[in-house]
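As numbered in UniProt numbering, the sequence shown has no gaps in its residue numbers, which increase by one up to the final residue, 661.
Here is the structure we will look at, set down as structure tokens.
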Amino acid sequence: SQKAHAAVTGFKFDEVAAGVDERHHVAAGYDADILIRWGDAVTPGAPAFDPAQQSASAQKQQFGYNNDYIGYLPMPGAANPSAHGLLVVNHEYTNEELMFSGIGEQDTKEAAFAKMTKDLVDIEKAAHGGAVIEIRRDNGKWSVVPNSKYARRIDADTVMEITGPAAGSERLKTKADPSGRRVLGMLNNCAGGVTPWGTWLSCEENFNGYFWGKLADNDPQATAFKRYGVPSNWYAWGKFEDRFDVNKEPNEANRFGWVVEIDPFDPNSTPKKRTAMGRFKHEGAAGILNKDNRYVVYQGDDERFDYVYKFVTAGRFDPANAAANRDLLDAGTLFVAKYNADGSGEWMPLTFGQGPLTAANGFKDQADVLIETRRASDLLGATKMDRPEDAEVNPVTQKVYVMLTNNTRRKPDQVDAANPRADNKFGHVIEMTPVDGDHAATKFTWEILLKCGDPSVAEVGATFSSATTKDGWFGMPDNCAVDADGRLWISTDGNSDKATGRADGLWAIETAGEARATSKLFFRCPAGAEMCGPMFTPDVETLFLAVQHPGDDGPQWKAFGRASTFDDPSTRWPDFKPGMPPRPSVVVITRTGGGKIAS
Ligand code: FEO
Ligand code: CA
Ligand code: CA
Ligand code: CA
């Protein structure tokens, strides 16, 4: 029964006190160790990190900035697959005001931009992308294997191949790449996934921010670009490189916003942008092997009023034939979700020629549908959600959890059953159930697991169970993980001294029985950081967490009344050393003396 299930799945740990300070905090009886930090060596021969002398060539060999997604792939043949493997980590973006001395001290963002030299931009580009590291647990403690043959950095200049239905499209061709099939780099890779065939899916999210310039109203791509916020002028890269200037290279932005598949076991492999999976601000790409061995990937498009997607491969995973799995993600069907008020739901295919996805609406082929995935979904009447972030399948129950982080722009006349709160400051979590446990099906049922926020404030309307303590509630769900025992863990982005009086962190949340919607705080970030990552080893003895942008508790610019965090020792997590800036880092959590986490 559900009650019995709740009794056996309970999370056994003493909750951390909610709050905010300069340190990280984990539940008593656990060790939370720094595994690798921004600037630590990745590839053989990498120089030691010296923030005062940083260079792009050093950064290309070192761990990048703003670690987000973490994937763990057991080493094939390892005696203990949960003690030796590859860690794949996304480096989502850079905070120049936290990384470089003299930038945050400027009076305005414009003045800081003017200070960004080509050398600094090149460091930023090298700090983007991702990292592959080999790690091992000896005598209970994890460490990075030095000089591993798998060690790899991927950055904003790594050569990548564009594959699938949009490869070679006229709209993907540039001066530097007349083939429309070869692109440099991946940008703003947020969450992701690992596949049963041992690859890493890394998801390009807010790619619009890297493009600068100003679109003319009569620009032929104006409508398509505006739907994605291109250009957004968040970075100074367009000052030095024409491809990031939409007025100089009008098609480059179409080559970003994809899911990138990387084989971490072959450090010479070319990453592939899998266009069949759609182009939008991909949060993540967690998947499940369907009962018929097709692979199904659930995906959120992180934007206010954007959509939840899934991709279903045409082919089937074959565990005995690695070559047959290699390009599975190039052929299949992309679906967008519609949540009906009666708790039913539909997956609507984004297939050229079907319904409104025709030449009459400006689509001449499937490439057009994929390049403009958002507009195609608008035409299908998909449900406009409150910023869909991570989605994960519970492998034990087959239920799918979708994090909806918040949406303060939703007006009272825009609420619907799946997004029931106007001015949704704290977000919510939806639970979806595929019909007959078939993830490829076009129908599902759904309900809201949880409306987030402080349950002691009636107007917030939060729905944590009454067993949830004052430390146990949270807002802004972002990433999630389901461990091998089918237990849901949620990490947050946006809790802060201003928003909730508490830091971001990782919460354990019950999904079944009487305990459903009971949440407990397991790990708390240092001030200004967002909690990313969560990834467990298969034996649930190890939890990897990514602490992203420590020290970033709002605009750092003097114009906003803040001193540069670079010079404020209390923000220099995790080293707290003079001259050392705060460093985004991967934290590895194990039970002191060993054993399963929260059991
Ligand atoms: Fe990069 Fe949607 O968080
Ligand atoms: Ca993030
Ligand atoms: Ca995220
Ligand atoms: Ca987020």
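Just so you know, even glycine gets a beta-carbon here, dropped at the ideal spot from N, CA and C.
In the three-state reduction of the DSSP assignment, S264 falls in the strand class. The Cβ atoms of F488 and M447 do not sit closer than 8 Å to each other. In the three-state scheme derived from DSSP, where H, G and I count as helix and E and B as strand, R233 is classed as helix. No Cβ-Cβ contact shorter than 8 Å links K505 with E592.
When DSSP reads this structure, H490 sits in a beta bridge with L466 and K513. Sequence-distant Cβ neighbours of F73 in its own chain, meaning closer than 7 Å and more than five residues away, are R549, A570, K582 and A660. Annotation for L149: the continuous beta strand (DSSP E) segment containing it runs H146 to H153. Annotation: the continuous alpha helix (DSSP H) that includes M161 extends over E158 to M161.
The closest heavy atom of ligand 1 lies less than 7 Å from the beta carbon of C252. Look at E454: its beta carbon is at least 7 Å from all of the heavy atoms in ligand 4. At least one heavy atom of ligand 3 lies closer than 7 Å to the C-beta of N541. Of all alpha-carbon atoms in V292, K658 and F606, the one lying nearest the alpha-carbon of I651 is that of F606.
Setting aside the 5 residues that flank it on each side, F306 is surrounded in the same chain by Y272, F273, W274, Y297, W299, G300 and E314, each with a C-beta closer than 8 Å to its C-beta; the list follows chain order. Leaving aside the five residues that flank P418 on each side, the residues in its chain whose CB is nearer than 6 Å to its CB run, in chain order, L441. At a cut-off of 4 residues, the continuous stretches assigned as alpha helix (DSSP H) that sit fully inside the segment 356-408 are 384-387. In this structure, D354 places its C-beta atom within 8 Å of the C-beta atom of R378. Our two residues, E493 and K237, have alpha carbons roughly 45 Å apart in a direct line. Taking A108 as the centre and dropping the five residues before and after it, the same chain places the C-beta of Q123 and Q124 closer than 6 Å to its C-beta, in chain order. Proximity of the beta carbon of D363 to ligand 3 is not indicated: no heavy atom of the ligand is located closer than 7 Å. Between the alpha carbons of N152 and D130 lies a gap of roughly 5 Å. Straight across, the Cα-Cα distance linking D279 with E84 is about 47 Å. Within its own chain, the residues whose Cβ lies closer than 6 Å to the Cβ of A393, once the five positions on either side in sequence are excluded, are A376, listed in chain order. The Cβ atoms of S144 and T599 sit closer than 8 Å to each other. Counting along the chain, A348 sits inside the beta strand (DSSP E) bounded by residues A348 to L351. For K203, the uninterrupted beta strand (DSSP E) segment begins and ends at K203 to V206.
Relative to ligand 4, the beta carbon of D555 is positioned inside 7 Å of a heavy atom. Under the three-state reduction of DSSP output, N129 falls in the strand class. The three-state reading of DSSP puts R437 in helix, counting H, G and I together. Annotation: N541 to E167 spans about 32 Å, alpha carbon to alpha carbon.
Two segments are said to touch when three or more pairs of C-beta atoms, one from each, lie closer than 8 Å; by this definition the segment 221-230 does not touch the segment 250-265.
The residues L149, W204 and V206, in chain order, have a CB closer than 6 Å to that of I197 in the same chain once the five nearest residues on each side in sequence are set aside.
Separation of V370 and Y463 (C-alpha to C-alpha, rounded to the nearest whole angstrom) is 11 Å.
When K461, N486 and Q460 are compared, the shortest CA-CA separation from N469 is found for N486. By the neighbour-count definition (other C-beta atoms within 10 Å, threshold 16), F638 is an exposed residue. With a contact defined as Cβ atoms closer than 8 Å, E434 and A543 miss out at about 32 Å. Per DSSP, the beta-bridge partners of H344 are D363.
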